[in-house]
Every structure is written in C-alpha cells, then in structure tokens.
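This report refers to the structure that appears directly beneath it.
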Amino acid sequence: MNRHLRFLISGAGLRLLVYAAAVLIGFFLTPYLLKVLGDREYAVFVFAGLFTNWCGLADFGLTTSSARFVTLAYSRGEPRRLNETASTSLFLFACAGAAALFAAGVGALLCRWRAPSSEASVYAAVLLFAGGAFAVSKIADAFSGVINGVMRQELTGIAALVYRLALGGVTFLIAWSGGHVAAIAAGGLGVSLLNLLFLVLLARAAWPPLRLSPKQVRKERAGELLSYSVYTFVQQLGNLLIRRSDLVVIGTFLSLTDVTHYNLAVVTFASYFVTLTEELTIWQTNWFTHLAQRNEEALFEKTRVFSYKVMTYLSVFMALILIFWARDFIRFWVGAEYLDAFPCLVILAAGMAFYRGAADVNVRLLQGTARHQLLAPLAIGQGAAGIILAIAAVRMGFGKIGVASATILPAIAVSGIVVPILVCRRRKERAAVYFARNLRFCFTAAAAFLPSWVLIRYTLAPSPFRLGTVLLLSAFFWLTVIGFIGFNRDERRMMISFFRKKRPAQS
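If you read the sequence shown in this note's numbering, its first letter stands for residue 2, the second for the next number, and so on.
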C-alpha cells in the first residue's frame, strides 16, 4: 500500500478514536454539567459554543486551503514554496484569531453595558475566554495544515485525541471543584495553549525542513490561499446557517428550555453523526489533490467509489442506531422529560442515512480538485432555505418537529441530489448510475442491520449495562454481516492487508 495512503488512513483511524473519546466524554460530562450548571447556565455554555462556531468564519476558509497548497508544494518537491505557504498561512491565521478576539471583546463590553449585573459579567467572561481559545486554535491550525499537507494526518489524529482527553478532564475537574461556566471556559483556553505547543513540535517532526519566519510571508502565496479559500468561506457560512440555525430559531421563537431539550436529544447526536463522517473523510482532500497532481486517474476513481461504499454503509448504520437505540439511552442519560425532542432526532437521522456519507466524499473530491466553488452558493441557499422553512414551521405551530423537518429537507435536496449531479458531470458519470449504486449501498447496509435490530428490539432496556452491551453487540453483528455481503473478496483482502503489513511499500 502507498506510504502516504497508509499514513492518511491511519490518521482517519485515530480520528475515529477521537470521535469515540468525544462521544464518551460528552455523554459522561453532559448530565453532570447540566446538574451543576442548571438549564439556564448550561444554555450559556451552549451559546458560547455557537459563538466559537460563528468565529470560525474569521479564518476565511484557510484551514482547508493551507493544507491543500502545502500538499501541492510537497507533491511537486518544492520545499521553499512549502515554507512560504506555511509562513503566509500562519500570518493569515494570526490575523483571523486577532479578529475573533476583538469580536469577543466587543461582545463582552456590550454584555456589561446593556445589562450591568453579575450574570452579565459571567456572560462577558465566557465570551472573552471563548474568543481567546479560538484565537489560539487558529494559530494551531497553521501547524495542523503543515502536518496534514505532508499527509501525516496520523500525527494530527494523535494531537486531536490528546486535546479531547485533556479538555474533558479539565472541564470535569473544574466543575467538580465548584467552578461554573466562566471557569470552564478559562480551562478551555489553557488546554488550547498546550495543544498549540504540541502541534508545533509535531509539525517539525512531520517535516524537518520546516522553517517559519515573517521574511517568508509572500503576497503571491496569500493570493493563492485566499483565492481558493473564499469559496470555502462562503461554504462555511452556509454550513453554520445549516447546523446552528435550528437552535437560534428555537431560542428566538420558543424558549431556552426548548433549546436545552433540543440540544441534548437532537443536536448532540446529529453533531456526532456529522463529525464522524467529516473526520473519516477529511484526509481525502489531500489524497485527491495528490492523485490529481500526479494524474493517477484509475486510483482516483477507485478511491471515490470505494469511499462511497464505506461511508454510506457507516451512515446507514449510525442512522439506524439513533432511530432504534437512542431513545432508551436518552431516557437513562438525562431523563424521560427530554424525549419530547426524540421525534426530531428520528427525522434528522432518517434523512442523513440517505445522503450523508457520500456527501462528505463529494465535498472532499471537489475540494481536492479545486472545484469547491460549486459548493459555496449551494450551502448558502440550503442554509437560508432551512431558516425560512424553520421560522414558517414554528409560526404554523409545528414546534421543534417543524424545525427538524425544515433542517433536513433542504439538506437532502442539495447534498443528496444537486451536488451528486455536479460531481457526476465532473467525473463524466451518468447520474442514474451514481444514484442506483449508492441506493444499493443503502439497502445493503440496512439489510445487514436486521440481526442488530432483532437484538435491540427484544433485549434493550434503559440501564447502563444493557445499553452498552446491546450497542457493542449490534456493531459486532452488523460489521460481521456487512463484511460478507457488502464487500467482495478483493476488497476484504485489501482491508485485511492494511493491518497485517508491518512495513509499508514506498511510493
């Protein structure tokens, strides 16, 4: 197996561990934080996360852009250009972090000015600490871009795992010692600083010739990065409208209690779903860039189709687990009173099963071939349509279920239908072939879930032992069945060889 591909897939595996750690830590910490902070302060904690997500726009889409242009320089064997790209991206990321910190400072002043009280002081402190953590994370992204750009994503996977464990541990210790939401935000800033130092060391290990200095900042490199990232920026804006507008609409037209219920029973699970598919495909942007640069068309196409299969299988499994298993988990985890939002989760999971896995592969393909400008207006349109439909649904009395439906319908239309048609045109493939193949993958994954469904149907109960055992056995049964009916002999042999081969072949 190609050395670079092995590193990239290893990185995806480590990101899967990060995902698992995030899920376990989140499910452990959430009820504890809810108990310590209460509904209102926990809602402040949620909105602090929303502020950080909105600050993500400040990087102007540079996260993907910097890694891609580092990969181009690395694939061409141009170390000088790589250092110039890395130095320029570090400068731009620092500017983005400074802008976000300034916005947090303005927001903190407004909180103190409009509502001079102890509660407003807490809000202001949370904003400042969240802004500081984001600013540090943007500088760290410059070093992550170098590591990912030279296709050593197993190192960023290690860093992400360490960060996630440290953040969860610090958050728990602060809450356990009596600290509240402002102290938790301050702890997040401290962990971000340590993560930055770790990534600096890893970047130098990944590519020893790395030399960063203000003298290597180049106007032409900034032009390259920004000309690519502007479309990613617009797409990010659309994604924020898509993923966080539901909470904003619920908070505006319903109540903060509804925000907490919807966030715990819907957004938590849906965000883990999305995060899993994104993390497992993030390496593909660099890989598709590398293959396109070397004109390896056959391997490019093989990667694309096999990725559709794997990610569609996984998306269907995740969706079915949420539909049939998550109800009892929510009842045990935070209480039956939060099940009023569970139908919303069913709506979102059913929709994401249809399109989510293949959608992420399509995004990485378009990013890797510099055709991602097609995604920008579609993301904005999807986000705007979701907001309009959500407000209309709430006004018509459909409540949280209407918001969930308004969120998923534009996603199916754009990510499940329009984007695949654009990719098919790019790859000169008939759309009917694409949809028939991916629907076959969906049905295969659903059929493989039947033994797991029987197990869940007749043995599941809202107790920690039953929930954990049934989930593990369901995954084991599904993996066993999908391994036989979902992959041919050559594909199984290829996957097994990845784990058996100790010394990867040189590219």
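Glycine included, every Cβ here is placed at the ideal spot set by N, Cα and C.
Would the beta-carbon of residue i fall within 8 Å of that of residue j?
i, j, result
"residue 408", "residue 247", "yes"
"residue 414", "residue 425", "no"
"residue 146", "residue 101", "no"
"residue 168", "residue 137", "no"
"residue 412", "residue 352", "yes"
"residue 199", "residue 163", "yes"
"residue 72", "residue 223", "no"
"residue 278", "residue 357", "yes"
"residue 213", "residue 87", "yes"
"residue 305", "residue 85", "no"
"residue 443", "residue 355", "yes"
"residue 233", "residue 66", "yes"
"residue 68", "residue 149", "yes"
"residue 281", "residue 17", "yes"
"residue 289", "residue 370", "yes"
"residue 447", "residue 317", "yes"
"residue 331", "residue 235", "no"
"residue 24", "residue 273", "yes"
"residue 270", "residue 337", "no"
Which residue comes first and which comes last in the alpha helix (DSSP H) that contains residue i?
i, result
"residue 262", "257-263"
"residue 303", "298-325"
"residue 477", "465-486"
"residue 267", "Per DSSP, residue 267 belongs to no alpha helix (DSSP H) and is neither H nor E."
"residue 353", "343-369"
"residue 215", "Looking at the DSSP string, residue 215 is not in any alpha helix (DSSP H), and its letter there is neither H nor E."
"residue 155", "154-177"
"residue 291", "284-295"
"residue 69", "63-77"
"residue 422", "420-428"
"residue 462", "Unbroken run through residue 462: none, as it is neither H nor E."
"residue 189", "182-207"
"residue 339", "Run containing residue 339: none; DSSP gives neither H nor E here."
"residue 382", "376-396"
Kindly list the residues whose CB is nearer than 7 Å to the CB of residue i, restricted to its own chain and excluding five residues on each side of it in sequence; keep chain order.
i, result
"residue 325", "454 and 457"
"residue 422", "432"
"residue 176", "33, 34, 37 and 185"
"residue 341", "262"
Mind reading off the beta-carbon distance from residue i to residue j? Whole number of angstroms is fine, and I expect it under 8 Å.
i, j, result
"residue 128", "residue 108", "5 Å"
"residue 350", "residue 323", "4 Å"
"residue 256", "residue 348", "Contact doesn't hold; Cβ gap of about 21 Å is too wide."
"residue 230", "residue 61", "5 Å"
"residue 402", "residue 344", "6 Å"
"residue 329", "residue 474", "Residue 329 to residue 474, Cβ: 15 Å. No contact."
"residue 361", "residue 319", "At roughly 12 Å, the Cβ-Cβ gap does not stay under 8 Å, so residue 361 and residue 319 are not in contact."
"residue 189", "residue 134", "5 Å"
"residue 19", "residue 161", "4 Å"
"residue 314", "residue 497", "Wrong, their Cβ atoms sit about 17 Å apart, outside the cutoff."
"residue 1", "residue 295", "The structure shown does not extend to residue 1, since the chain spans only 2 to 508, so no value can be given for it."
Going straight from the alpha carbon of residue i to that of residue j, what length do you get?
i, j, result
"residue 268", "residue 285", "26 Å"
"residue 208", "residue 151", "7 Å"
"residue 395", "residue 262", "16 Å"
"residue 153", "residue 202", "13 Å"
"residue 31", "residue 130", "20 Å"
"residue 373", "residue 339", "39 Å"
"residue 266", "residue 346", "7 Å"
"residue 451", "residue 123", "50 Å"
"residue 459", "residue 183", "45 Å"
"residue 570", "residue 74", "For residue 570 there is no data in the structure shown, the boundaries of the chain being 2 and 508."
"residue 436", "residue 178", "54 Å"
"residue 449", "residue 486", "8 Å"
"residue 82", "residue 215", "14 Å"
"residue 298", "residue 410", "34 Å"
"residue 303", "residue 489", "14 Å"
"residue 78", "residue 105", "41 Å"
Just to confirm my understanding: we take residue i, look at its own chain, exclude 5 residues before and 5 after, and list those with CB closer than 6 Å. What are they?
i, result
"residue 142", "64 and 94"
"residue 420", "363"
"residue 504", "Residue placement at residue 504 cannot be trusted, given a pLDDT of 45 that sits under 50; the coordinates are not used to answer."
"residue 139", "60, 94, 97 and 98"
"residue 210", "80"
"residue 506", "Residue placement at residue 506 is flagged as unreliable, the pLDDT there being 42, under the threshold of 50; the coordinate-derived value follows with that caveat. The answer is none, since no qualifying residue turns up."
Leaving aside the five residues before and after residue i along the sequence, list all residues of the same chain whose C-beta is less than 8 Å from its C-beta, in chain order.
i, result
"residue 110", "125"
"residue 404", "247, 250, 251, 263, 345, 391, 394 and 395"
"residue 166", "22 and 26"
"residue 465", "333"
"residue 309", "358, 359, 362, 438, 439 and 442"
"residue 287", "9, 68, 69, 72, 149, 150, 152, 154 and 369"
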